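Undergrad: To get this note's numbering, take the position in the sequence shown, counting from 1, and add 29.
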Amino acid sequence: MAQDSGTRTLISHAQLRRGRGRAVYWTLLAVVVVGFTLVFLGPLYWMATGALKSGQEVAQTPPSLFPKDPRSQNYADAWNNLNLAKLLFNTFYYAAGALLFQLVLDTAAAYALSKLRPVFGNVILGLMLATLMIPAMVLIVPQYVTVIDLPILHINLLDSPFAIWLPAVANAFNIFLLKRFFDSIPEELMAAALMDGASPLRTLWSIILPMSRPILGVVSIFAVTAVWKDFLWPKLVMPSPETRTVSVGIYAFSGGTPMNVVIAASVIAAIPTVIVFLIFQRNIMSGLTTGSLKG
30 MAQDSGTRTL
40 ISHAQLRRGR
50 GRAVYWTLLA
60 VVVVGFTLVF
70 LGPLYWMATG
80 ALKSGQEVAQ
90 TPPSLFPKDP
100 RSQNYADAWN
110 NLNLAKLLFN
120 TFYYAAGALL
130 FQLVLDTAAA
140 YALSKLRPVF
150 GNVILGLMLA
160 TLMIPAMVLI
170 VPQYVTVIDL
180 PILHINLLDS
190 PFAIWLPAVA
200 NAFNIFLLKR
210 FFDSIPEELM
220 AAALMDGASP
230 LRTLWSIILP
240 MSRPILGVVS
250 IFAVTAVWKD
260 FLWPKLVMPS
270 PETRTVSVGI
280 YAFSGGTPMN
290 VVIAASVIAA
300 IPTVIVFLIF
310 QRNIMSGLTT
320 GSLKG
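1) Quick check on GLN172: does DSSP put it in helix, strand or coil?
2) Go ahead and pull the three-state DSSP assignment for LEU113.
3) Could you check whether VAL275 and LEU73 sit closer than 8 angstroms to each other, using their CB atoms as the reference points?
4) Count the other CB atoms within 10 Å of the CB of TRP234; is the residue buried (16 or more) or exposed (fewer)?
5) Go through its chain and collect everything with a Cβ distance to PHE202's Cβ below 7 angstroms, but skip five positions before and after it.
6) Just list the alpha helix (DSSP H) runs in the segment 243–312, keeping only unbroken ones of 4 residues or longer that don't cross its boundaries, in chain order.
7) Give the DSSP-derived three-state secondary structure of ILE236 in the structure shown.
8) Do ALA88 and ILE292 have their CB atoms nearer than 8 angstroms?
9) What whole-angstrom Cβ distance do TYR173 and LEU265 have, given they're in contact under 8 angstroms?
10) Relative to the C-alpha of ALA222, which candidate in LYS144, ALA197, ASN110 has its C-alpha closest?
11) Taking the beta carbon of VAL303 as the centre, do at least 16 other beta carbons fall within 10 Å, making it buried, or is it exposed?
12) Does the segment 123–133 come close enough to the segment 193–211 to have 3 or more Cβ pairs within less than 8 angstroms?
13) Would you tell me roughly how many angstroms separate the C-alpha atoms of PRO96 and SER83, rounded to the nearest one?
14) I need the DSSP call for SER143, collapsed to helix, strand or coil.
15) Measure the Cβ-Cβ separation of LEU206 and ILE250 and say whether it is below 8 angstroms.
16) Hey, MET240 and ILE204: beta-carbon distance below 8 angstroms or not?
17) To the nearest angstrom, how far is it from the Cα of ALA139 to the Cα of GLY278?
18) Indicate the three-state DSSP secondary structure (helix, strand or coil) for GLN85 in the structure shown.
19) Report the rounded CA-to-CA distance for ARG242 versus ARG209, giving the unit in angstroms.
20) Looking at the structure shown, is LEU158 part of a helix, part of a strand, or coil, going by DSSP?
21) Taking just the CA atoms, how far does LEU261 sit from ALA299?
22) Locate the alpha helix (DSSP H) running through ASP212, then write down its first and last residues.
23) To the nearest angstrom, how far is it from the Cα of ARG51 to the Cα of LEU57?
24) Measuring CB to CB, does VAL253 end up less than 8 angstroms from VAL305?
25) Would you grab the beta carbon distance between MET288 and ASP188 for me? Rounded to a whole angstrom, and I think it's under 8 angstroms.
26) Would you call ILE308 buried or exposed, if buried means 16 or more other Cβ atoms sit within 10 Å of its Cβ?
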C-alpha cells in the first residue's frame, strides 16, 4: 500500500507514518482479515462442533457455540452406521481414475494445441472454451442420455466408473491451464530436442512434463476435488448402494440418521480434501501464476 518507485497507491508512505493514518490503515486491515476469516472458517467450525453435540443440541434455537457435553462417539457411529469405509473407497477409486484420464488425455490435448499447432487449432480451442459458458445443469440431460446408451457401442454405463471418468475428461478449463503453461516453455527447448532427433512424444515425456510439475499438481487437485465434492451426477449414474460416492451415501442415509451423526460423517468426508489442500496449497498458487507470468 505504500508508495515505492513512483507507483501511486491508495495510501502514501507519508500518510502511513502519521499516527491517524496508521491507525485507520491497520484498523481496516484487521476488520477485513477478521471478517473474511469468520466467513470462511465459520461453517467449518459449526460442522466440527456440531459433530460433537447431541441431536437435541444441534436442533436447538439459538444454536450453542460450544458443545455442552462433547460426544466423540458420534464419529464412531457415523463410520459404522453409514458404512463410510466403503463410500470413501468408492470415491477415492473414482477420483483416482478421473485423475489418470485427465492427466493423460488433457495433457496430450494441451500439448498438441500449444506445441504441435494443428490446423484449426485455435478454432478448436475457442470451441472448447465456449463450453465453459454453458451452465453445468444444461449438460446433465444429454450426458445422461449418452451414458445410458453409449453411441456406436450401445452400452449402458450406469453403475460403471466410466460414467464418472469419461465426462470428467472433457474439461476445457484444465486443458486451457495446461496449454497456457506449455506456451510459457521456450521454443528453443523444442528446437533443440528436434535437432537431437527426439519425437514429439519423447519431447513431451522428457522435457515438457518434468518442467510442468506445478501445473500438473494443480490439475490433479482440481480433478480429485471435483469428483470428491460432486453430488448430482454420481447420484444419477450410480444408483446402486454398492457404487455410491461418499456425498451420495451420506445423503441416502440422512433420512433415518440423527443429524449429529450426519454432521460427523460430513466432517470425516471433508478431512481428505482439507488435508490435500493444506499440503499442496503452495503448489496451487505457483502453478496458477507461473504460466501467466511467463506467458
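Where is the CB? At the ideal position from N, CA and C, for every residue including glycine.
Note that the structure is a prediction, hence the values are computed from the model and not measured.
TA: On the basis of the supplied data:
1) In the three-state reduction of the DSSP assignment, GLN172 falls in the helix class, which pools H, G and I.
2) Helix.
3) By the CB criterion at 8 angstroms, LEU73 and VAL275 fall outside the cutoff.
4) Classification of TRP234: exposed, given that the 10 Å Cβ count is below 16.
5) Excluding positions up to five away in sequence, the list reads LEU161.
6) The segment 243–312 contains, as complete alpha helix (DSSP H) runs of 4+ residues, the segments 261–266, 275–282 (chain order).
7) When secondary structure is reduced to three states using DSSP, ILE236 falls in the helix class.
8) Contact: no.
9) So it is a contact: roughly 6 angstroms between Cβ atoms.
10) Nearest neighbour of ALA222 by Cα position, chosen from LYS144, ALA197, ASN110, turns out to be LYS144.
11) That one is exposed.
12) When Cβ pairs closer than 8 angstroms are counted between the two stretches, the segment 123–133 is seen to touch the segment 193–211, the count reaching three or more.
13) Spanning the alpha carbons of PRO96 and SER83 requires a straight line of approximately 8 angstroms.
14) If DSSP states are grouped into helix, strand and coil, SER143 belongs with the helices.
15) ILE250 sits away from LEU206, with the two beta carbons spaced by 8 angstroms or more.
16) Taking 8 angstroms as the cut-off, the beta carbon of MET240 is found no closer than this to the beta carbon of ILE204.
17) C-alpha separation (whole angstroms): 35 angstroms.
18) Helix.
19) Distance between the alpha carbons of ARG242 and ARG209 is about 14 angstroms.
20) Assignment of LEU158 by DSSP, reduced to helix, strand and coil, places it in the helix class.
21) Distance between the alpha carbons of ALA299 and LEU261: 17 angstroms.
22) ASP212 -> alpha helix (DSSP H) spans 201–212.
23) Between ARG51 and LEU57, the C-alpha separation is close to 10 angstroms.
24) Taking 8 angstroms as the Cβ cut-off, VAL253 and VAL305 qualify as a contacting pair.
25) Not really, about 29 angstroms apart at Cβ, beyond 8 angstroms.
26) Per the 10 Å Cβ criterion, exposed.
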